[in-house]
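Per this note's numbering, the very first residue in the sequence shown carries number 10; after that it's consecutive.
Cβ atoms here follow ideal geometry from the backbone N, Cα and C, with glycine treated the same way.
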Amino acid sequence: MTPTEPFRAISGGGDPETEWRRPAPSRRESRRDILLAVVMFAATLVSTALYSTISYTDDTAEPWVIVLWAAALNLPLAARRRYPEVVAVIASISFMGMVPLVIPELLFSTISLFIAFYSIGAWSTNRRRALIVRTVIVIGMFAWLFGDLYFRSLDPEMLPMLSRVGTVSPYAAFGLINVIVNLLYFWGGWYFGDTAYAAARQRHELEQRTIELADERERTAVQAVTRERLRIARELHDVVAHHVSVMGVQAGAARRIIDRDPAGATTALSAIEGSARSAIDDLHRMLGTLRDEGAVTSGGTGRSASGSASGMAGDGVPAGSASDESSTRGIEQLSELVDAAVAAGLPTSLTIVGVPREVPTTIGLTVYRIAQEALTNARKHAGAAATAEVRVRFEADAVEIEVSDTGVGARAASRDTSRGSSGGLGLVGMRERVDATGGTLETGPRPRGGFLVRARFATADAARGTAGGAA
């Protein structure tokens with residue numbers, strides 16, 4: 010890289026009206042700048058006193074002049090982040106005034122000038138103006154340097170140094186060293202100032218992206234929960250529509266035969282009563298859950314990767330499709346799920362414990378969806394060598410669905426902690442369905458390895474209502 014390349018970096022391009030502008034300094038940064046200015050002012054005075062002690066000239070500036078010069082050079086640094094161009098110009102003029110005022114100080118004055126010059130690149134809100142001001146300062150400083158070298162060469166006392174010794178004269182070597190030092194000095198201030206500005210811009214963009222990603226995650230979670238609620242609402246519509254249509258048919262039949270067949274009309278009215286009771290129970294459970302925001306977040310940790318989180322139903326059917334919305338799925342269709350899992354490469358068995366019987370439509374559909382969700386997760390996370398088992402238990406007053414796999418225990422625990430703790434959408438969907446039907450849900454890794462999903466639903470009252478509706 011040539012010495013002029015950093016001068017063109019970052020600050021040279023872009024429209025100053027449209028490109029990013031660095032925010033104003035904070036109160037803490039302003040306080041630090043005030044402290045810096047005071048410390049540099051005091052250090053410059055001490056350094057000047059020391060230089061004056063070892064100076065070989067008797068015409069050193071008066072103390073009050075030195076104090077004013079040190080104040081003009083250092084105290085503006087308190088505003089270096091807010092007005093970097095103005096501070097740099099004042100510091101440059103004050104620095105060049107060191108020679109005519111005969112102030113013997115070359116340490117802290119040089120540091121102060123570097124800080125002021127660096128601040129233009131790091132804090133200027135107008136990059137084009139920063140480029141112009143720094144260019145003018147560099148040109149002015151080199152003009153001052155060459156002018157000083159030229160007038161020194163006219164001094165008769167410099168004749169011994171002007172005499173050529175070897176390749177170059179001592180004075181030429183002195184001038185060349187000064188030029189190289191100043192090139193490196195201003196190159197460093199320019200380069201590091203622009204680098205600091207670019208780093209601040211990158212930090213700002215990273216923070217903005219982080220905020221946008223957090224907002225996007227929140228929107229995605231809300232949308233996913235909303236989609237899940239809509240799916241439950243669609244299934245509710247199917248269930249209630251079924252009961253209402255049966256009630257309408259039975260009511261019409263009862264009206265036609267009530268005079269000539271009172272017993273048949275009584276049977277039809279009993280069927281209407283059973284269907285109404287079952288529909289009201291289903292409506293109460295499902296709408297109660299949909300109104301309860303706490304149902305979304307209840308339930309701790311567990312496996313969360315699911316079809317619903319990715320916009321897909323459990324076995325590859327897009328969420329919201331006709332097959333997903335259908336309420337004709339139930340315990341009788343579990344064998345189809347098992348066959349689909351085996352075809353997808355997950356050896357799966359189905360076991361029925363107890364005497365199968367008819368269960369309410371909503372419970373049957375929920376059992377089907379729980380098994381669908383759990384088998385999808387097993388295919389995704391249990392591992393290539395894992396197997397799965399679907400077990401349905403019919404008890405006197407309840408039905409239980411249990412889906413387990415033989416994935417590695419550590420792997421299962423990792424799934425439980427890494428996915429469930431982040432509020433997995435698959436678990437939320439399972440729990441909403443279970444809560445909507447008044448059941449209980451257990452999920453988690455098994456002690457002997459693998460993962461377990463178990464849901465239990467009470468069916469005694471609902472079963473009686475359904476039996477009445479079937480009559």
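Given tyrosine 60 as reference, the closest of Leu116, Arg366, Ala51, Val95 once Cα atoms are compared: Leu116
Length of the line joining the Cα atoms of valine 95 and alanine 223: 40 Å
Beta-carbon proximity list for isoleucine 189, same chain, < 6 Å, skipping 5 on both sides: none
Segment limits, beta strand (DSSP E) that includes leucine 450: Per DSSP, leucine 450 is one residue of the beta strand (DSSP E) stretching across 449-454.
For alanine 81: DSSP bridge partner residues: DSSP output for alanine 81 lists no bridge partner at all.
Short Cβ contact (9 Å threshold) for isoleucine 340 with valine 376: Between isoleucine 340 and valine 376, the C-beta gap is smaller than 9 Å, which places the two residues in contact.
Three-state class that DSSP yields for arginine 90 in the structure shown: In the structure shown, arginine 90 sits in coil (DSSP, three-state: anything other than H, G, I, E or B).
Alpha-carbon to alpha-carbon, arginine 463 and leucine 346: 17 Å
Stretch pair the stretch 80-87 + the stretch 115-134: three plus CB contacts closer than 8 Å: yes
Straight-line gap, arginine 530 to arginine 457 (C-alpha atoms, nearest Å): In the structure as shown, the chain begins at 10 and stops at 480. Residue 530 is therefore absent and cannot be evaluated.
Cβ shell of isoleucine 43 (< 8 Å), same chain only, five flanking positions each side left out: Ala87
Contact check, threonine 57 vs proline 113, beta carbons under 9 Å: yes
Secondary structure of threonine 468, DSSP reduced to three states: coil
Assigned secondary structure, proline 25 (DSSP; H/G/I helix, E/B strand, else coil): Only weak support exists for where proline 25 lies, its pLDDT of 43 falling under 50; the coordinates are left without a value.
Cβ-Cβ separation, arginine 442 to isoleucine 379 (assumed contact under 8 Å), whole Å: 7 Å
Backbone CA spacing between threonine 306 and arginine 265 [nearest angstrom]: At threonine 306, the pLDDT of 42 sits below 50, so the modelled position is not reliable; the number obtained from the coordinates is stated separately. If I take the Cα positions, the gap works out to 51 Å.
Nearest-angstrom beta carbon gap, valine 401 and leucine 343 [assumed within contact, 8 Å]: By a beta-carbon distance limit of 8 Å, leucine 343 contacts valine 401. Their separation comes to about 7 Å.
Residue closest to alanine 288, alpha-carbon to alpha-carbon, out of Met256, Gly273, Ala260: Met256
With 16 other Cβ atoms within 10 Å as the buried cut-off, status of leucine 355: A residue is called buried once 16 or more other Cβ atoms fall within 10 Å of its Cβ, and leucine 355 is buried on that count.
DSSP state of isoleucine 112 mapped onto helix, strand, coil: coil
Sequence-distant residues of the same chain with beta carbon closer than 6 Å to arginine 455, five excluded per side: Leu461
Cβ-Cβ distance between serine 447 and alanine 391 below 9 Å: Inspection of the sequence shows that residue 447 is occupied by glycine rather than by serine. For glycine 447 and alanine 391, no; Cβs fall outside 9 Å.
Distance, arginine 228 Cα to leucine 239 Cα: Taking the CA atoms as reference points, leucine 239 sits about 16 Å from arginine 228.
Span of the alpha helix (DSSP H) around valine 364: Careful: valine 364 lies outside any alpha helix (DSSP H) and carries neither H nor E.
8 Å contact criterion, which leucine 82 and serine 118 should meet: CB distance rounded: The pair is a contact, with the Cβ atoms about 6 Å apart (cut-off 8 Å).
Limits of the beta strand (DSSP E) - the one that isoleucine 410 falls within: 407-414
6 Å CB neighbourhood of threonine 449 in its chain, flanking five on each side removed: Arg465
Three-state class that DSSP yields for leucine 355 in the structure shown: coil
Arginine 402, DSSP secondary structure in three states: Of the three classes helix, strand and coil, the one that applies to arginine 402 here is strand, per DSSP.
Euclidean distance between Cα positions of alanine 350 and alanine 205: 57 Å
Which listed residue (Tyr92, Trp78, Leu77, Val111) has its alpha carbon closest to that of aspartate 68: Val111
Complete runs of the alpha helix (DSSP H) confined to the stretch 146-218 [at least 4 residues]: 168-171
Proximal residues to threonine 357 (C-beta, below 6 Å), its chain only, five neighbours per side dropped: Val347, Ala350, Val351, Ala397
Status (buried if at least 16 other CB within 10 Å, exposed otherwise) for valine 142: Result: buried.
Whole-angstrom C-beta distance between methionine 150 and asparagine 187, which should lie under 8 Å: Not a contact, Cβ separation roughly 11 Å.
Reference valine 412, options Asp406, Asp444, Met439, closest by Cα: Met439
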